Amino acid sequence: MTISDPASRQVALGEIDAEASWQLTTQEGWRKSIEDPPAPPVLLSAGELKRLSGTERDLDDEYRLDHHARMLVVATSFVEKTVVCGRRLVLLNRHAISARRGLMVSGLPGTGKTSAIAQLGRAHELLDRARHPNVADRIPVLYVTVPPAATARMVAAEFARFLGLPVRARSNMTDIIEAVVGVCTDTRTGLVLVDEIHNVSQVTRAGGEVSDTLKYFSERIPATFVYAGIGLETSELLAGTRGAQIAGRFTLVPTRPFPYGDEWKGLVATMEETLLLHNHPPGSLVKLDRYLHNRTSGMIGALSHAIRGAAIDAILSGTERVTKAGLDAIPLDHAAETPKKGPVK
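Using the working numbering, the letters of the sequence shown correspond one by one to residues 15 to 359.
Here it is, written out as structure tokens:
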């Protein structure tokens, strides 16, 4: 595809529109997420921009806007730890007949929990494809989220939905569970990612039934289960006898806001390198790394949102550069903006 070819750009933008409907909780969406991200567009020179028609310039802007809208996955120390711990458990569980151990990823919103378990799933699936290159009917990874106020049937239906299994109103729990277990066993599912697990409360009857259903799945499906959620250490997921069983079988990897230090500075520098703006002075964002830490309270999700949002505004406004004023104009989540530590520089 050539950068200045409007027909090629329109095809690419059509693919972008289709991508917007992908979800990790479907097999198709998950497999799309495994693919390498598209190559970023080339930042055109001033001379090349002048030669573009109005439509071509609009397409160029739209392509760059989509580039900045994408969530950049950075290999932070937390992501690396999650992948290593998860990989270790998969290996330890490989020949286990029962009592397979699992992984819990816990932390505040915006600390990268979903990104970390998604990277673990991606690493597992790519390795599985490399080991079985000519086998097309494998489903190495299954990803589901626990809905708020979930029932056991709702969670079982989420498993079935990912696998593409029909769930009819008259389908009972046994039918759904047996279908899920059968497909997972036949397709060699080795990793099950369960996000938003904090929605499970052991102190309610419905929550207890959800917990029992997940435990039953873990006993029937020869896979490593990974839970991710907010504040799991003190949540009702670990309450009572059921919670004690989970605590006794799952390794905990906590996420925390990043302290201001070398890794944080590296995150800012990495994100700045992805900017495709015509008037942005290289290194100007790195000079704001302490301000960004104070502004986001060290939350990687808030950092990514602020930088990407300011870059989008810079294209829409025509300034083509990210400044402190532009970053100030991006509203962040309440959790990131509430704690303020130290003076803003």
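Ideal Cβ positions, reconstructed from N, Cα and C, are used throughout, including at glycine.
Keep in mind that this is a model prediction, so the values were computed, not measured.
Annotation for Leu134: Thr96, Val97, Gly100 and Val240 place their beta carbon closer than 7 Å to its own, counting only its chain and skipping 5 residues before and after. The beta carbons of Gly204 and Ala237 sit closer together than 7 Å.
Inside the segment 148 to 211, DSSP marks whole alpha helix (DSSP H) runs of 4 or more residues at positions 166 to 177 and 187 to 200, from first to last along the chain. When DSSP reads this structure, Phe264 sits in a beta bridge with Gly116. Per DSSP, the continuous beta strand (DSSP E) segment holding Val240 begins and ends at Thr238 to Ile244. Nearest in C-alpha terms to His294, of all of Ile260, Phe272, Glu334 and Ser120, is Glu334. DSSP lists Ile244 as the bridge partner or partners of Gly121. Under the criterion of beta carbons closer than 8 Å, Ser112 and Thr269 do not qualify as touching, at roughly 30 Å.
Here Thr310 has Ala316, Leu317, Ala320, Leu346 and Ala350 as same chain residues with Cβ atoms under 7 Å from its own Cβ, once five neighbours each way along the sequence are excluded. With respect to His82, Arg322 sits close: the two C-beta atoms are nearer than 7 Å.
Shortest Cα-Cα distance from Gly196 to any of Ser67, Phe231 and Ala258 involves Phe231. Taking the Cα positions, Thr248 is about 20 Å away from Ala164. Segment contact: the segment 210 to 227 against the segment 69 to 88, fewer than three CB-CB distances shorter than 8 Å; contact not assigned. The alpha carbon of Leu122 has as its nearest neighbour, out of Leu341, Asp327, Lys229 and Gly312, the alpha carbon of Gly312. When Pro296, Arg256, Val300 and Asp142 are compared, the shortest CA-CA separation from Tyr274 is found for Val300. Residue environment analysis places Pro147 among the exposed positions, since fewer than 16 neighbouring C-beta atoms fall within 10 angstroms of its C-beta.
Fewer than three beta-carbon pairs drawn from the segment 52 to 59 and the segment 180 to 195 are found closer than 8 Å, and the two stretches are therefore not classed as touching. Ala328 places its beta carbon 7 Å or farther from that of Leu290.
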